[in-house]
Amino acid sequence: MRPRTRIRDCRDVVGLLTEYLEGGLAPGAVTTLERHLAGCSGCGEYLVSLKKTRDAIRRLASHQVPDDCRRTLRALLDAARRGGGRGKRAAAAKKPARRRRVTR
Ligand SMILES: [Zn+2]
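Residue numbers (numbering that gives the first Met the number 0): 0 to 103.
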C-alpha cells in the first residue's frame, strides 16, 4: 500500500487497477477509483477484461502447466516486452533486398 495515491486521469486509473483487484489500495484511493469507474466506460471495460484475464490465469494455475510450456510463454512475454516489434520491422526491411531482380 502506498501512502498517497493520486488519481487524475484514465492513465492513473489503469495503472492502479491491478492493485485495486488485489485489494492493495488505500480506502481513499478505492473511493476515488470507483467514482472514476462509474463514470468512465473505457476504464470500466478495461477492469472487466482485467478481471477476465485474472480469472483465466487462476483457472490455468489450478492445472499444472508443463515446465517447457511455462518457459516458452515466459520467453515470449519477455521478448514482447523488450522488442516491441523490432524483429518484425527488420524482417520486412530484409525482404525487398533479397528479391531484387537483375535487369539487363
Ligand atoms: Zn477512465
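Each residue gets a CB set at the ideal place from its N, CA and C atoms; glycine is no exception.
- Collapsing the DSSP output to three states places E21 in coil.
- The beta carbon of T4 sits closer than 7 Å to the beta carbons of L15, L24, A25 and A28 from its chain, once the five residues preceding and following it are set aside; these are given in chain order.
- Taken through DSSP and simplified to helix, strand or coil, V29 comes out as helix.
- In the structure shown, the three-state DSSP call for D77 is helix.
- DSSP, reduced to helix, strand and coil, places I6 outside both helices and strands of the structure shown, so it counts as coil.
- Remark: C-beta atoms of L20 and K50 approach each other more closely than 9 Å.
- With a cutoff of 9 Å on beta-carbon distance, C42 and C9 are scored as near each other.
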